[in-house]
Ligand SMILES: Cc1cc2nc3c(=O)[nH]c(=O)nc-3n(C[C@H](O)[C@H](O)[C@H](O)COP(=O)(O)OP(=O)(O)OC[C@H]3O[C@@H](n4cnc5c(N)ncnc54)[C@H](O)[C@@H]3O)c2cc1C
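Residue numbers (our numbering): 593 to 975.
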C-alpha cells in the first residue's frame, strides 16, 4: 500500500519529494509478502461498494503494471465450488452479485466441473476466468524500483517511533533519525492502530492478528489442479475458506485457515509476543468477537492443531488429497480490525487530519487493489 501510494502521488505530482520509511530491511516483509498471491476479480463484494470498484480497477491496474515491468503473472482462473444444496444457494447468490459487479462469470454443473478439474468434486461451481496469480513480493520490488527512478527516497530498517502534527508540518522520528514533512501517509498494516495512536488520533478499534496457515503440495502433485479452487464462502465471516492456490512458481498451496495469533509478526507456529497478546486480551471487542464466533473459532483451532482436521476441510471438494500431501509452508498474518462492539471491519478505514492520512484497515483484496487505493489516497490528500 505504501509503495503504491507513493507511486500514485508521483503520478499526480512528478518530482514531489517522497520518503518511504519502512521498519524492516526489505519491502513486503509482512502481509504483502505472505499472502496467497491472487489478483482477485471481485466476485465477493457488494455491487456498487468501494471494495468492489477498487478490486475491479485493481485487477486491470495490477495486470497492466505486471506487463509494463515484465513481472510474471498468469490468468489461470478460479473455481468456487459448492458441495451441497446450501452451498449451492450461496454460490447462486454470489453469481448474482458478481454479474451486477460486471464480472465475466460462468456457472458450471457437476459434470462440467469434473471435466474441467477431474480431481475436484462438487454439485456446482462458478468459474471466474479473469482471476490471476502473481508474486506480490516481486510487484513490491518493481514498485520500489519505479518510484526510486522517479526520485523517491527510502529509509529501510527504521521504525517510526514518534509522530507529531504541527500547524504547518509533521515531525517524524524513526530509528534515531528525524524528518519534517508537509504531509504524512501511514500504511502500517499489522501496526496501523499503533501508528494512529502514536499520532495522537482517537482509536476505538484494535488490530487482532489472524494467522493464515498454509500447507504446500509435494512437487509431484503440482498438476493436481489447473485453476484456483475455493470453497463456497461463509457470508458471516471475513475470510474466504481454505483454498487450493496455484502459485506463480508452479507450486500449489493449501490454505489459509484463520486462527487467532499471539504475535502480530511472529510467523512460526506458537509464536508469542506479550505486548501483542495483551493488546487484544485487554480489549472488550475481542472477547465479544470470540463469543459470537466461538463455534467457528474452535473449528479453526482444531484444523490448526490437527492436520487430519485441516485435511477434512479440503477433502470436501478434493477427495483424493492425502495427509502426506500437506507439507509445511509459511504462514501469513492478517491485520483484522475489530470494533469495540466485537464487529470485524470488512471495509477500508482511513483516518484523516489536516496533514496526515492513516490507512487503518486495508483488508484483502488490498494487494489486488493497492494501485487504485493509492490513487484514491493521493486524491484525498489533495495532490
Ligand atoms: C494470509 C493472507 C492471504 C492473503 N491473500 C491475498 C490475496 O491472495 N490477494 C489479495 O489481494 N490480498 C490478499 N491478502 C491481503 C493483502 O495481502 C493485504 O491486504 C495487503 O498486503 C496489505 O498491505 P499493507 O501495505 O496495508 O500491509 P503490509 O504489507 O503488512 O505492510 C505494512 C508495512 O508497514 C511497515 N510498518 C509497520 N509499522 C511500522 C513502523 N512503526 N515504522 C515503519 N514501518 C512500519 C511494516 O513493516 C510493513 O512492511 C492476504 C493477506 C493475508 C495475510
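Idealized CB from N, CA, C, for every residue including glycine.
Delimiting residues of the beta strand (DSSP E) encompassing residue i
i           : result
residue 964 : Not the beta strand (DSSP E): residue 964 falls in the alpha helix (DSSP H), residues 958-972.
residue 699 : 698-701
residue 844 : 844-847
residue 678 : Unbroken run through residue 678 is the alpha helix (DSSP H), 677-692; no beta strand (DSSP E).
residue 802 : 798-804
residue 991 : Because the chain is modelled from 593 through 975, residue 991 falls outside the range shown and cannot be assessed.
residue 822 : 820-823
residue 778 : 776-778
residue 673 : 670-674
residue 762 : 762-766
residue 772 : 769-773
residue 613 : 611-614
residue 838 : 835-838
residue 788 : Residue 788 -> not in any beta strand (DSSP E); alpha helix (DSSP H) instead, spanning 784-790.
Where residue i falls: helix, strand or coil (DSSP)
i           : result
residue 953 : strand
residue 630 : strand
residue 948 : strand
residue 663 : coil
residue 925 : strand
residue 712 : coil
residue 721 : coil
residue 754 : strand
residue 645 : helix
residue 619 : coil
Closer than 7 angstroms: residue i CB and nearest ligand 1 heavy atom
i           : result
residue 606 : no
residue 779 : yes
residue 623 : yes
residue 914 : no
residue 929 : no
residue 849 : no
residue 754 : no
residue 628 : yes
residue 600 : no
residue 960 : yes
residue 956 : yes
residue 615 : yes
residue 835 : no
residue 594 : yes
residue 776 : no
residue 924 : yes
residue 951 : yes
residue 632 : yes
residue 808 : no
residue 892 : no
residue 680 : no
residue 804 : yes
residue 751 : yes
residue 881 : no
N-terminal and C-terminal residue of the alpha helix (DSSP H) that residue i is part of
i           : result
residue 900 : 899-907
residue 868 : 866-873
residue 880 : 876-884
residue 602 : 594-604
Residue i vs residue j beta-carbon contact at 8 angstroms
i           : j           : result
residue 853 : residue 834 : no
residue 934 : residue 861 : no
residue 759 : residue 927 : no
residue 738 : residue 970 : no
residue 798 : residue 785 : yes
residue 851 : residue 918 : no
residue 611 : residue 745 : yes
residue 779 : residue 951 : yes
residue 725 : residue 839 : yes
residue 648 : residue 634 : yes
residue 728 : residue 598 : no
residue 669 : residue 715 : no
residue 622 : residue 857 : yes
residue 605 : residue 975 : yes
residue 753 : residue 766 : yes
Counted within 10 angstroms of its Cβ, other Cβ atoms place residue i as buried (16 or more) or exposed
i           : result
residue 593 : buried
residue 864 : exposed
residue 900 : exposed
residue 887 : exposed
residue 678 : exposed
residue 897 : exposed
residue 922 : exposed
residue 953 : buried
residue 849 : buried
residue 730 : buried
residue 613 : buried
residue 629 : buried
residue 837 : buried
Residue i Cβ short of 7 angstroms to ligand 3 heavy atom set
i           : result
residue 643 : Inclusion of ligand 3 in the displayed structure is not the case, the ligand content consisting of ligand 1 alone.
CB contact below 8 angstroms: residue i versus chain B
i           : result
residue 799 : Looking at the structure shown, chain B is missing, and only one protein chain is on hand.
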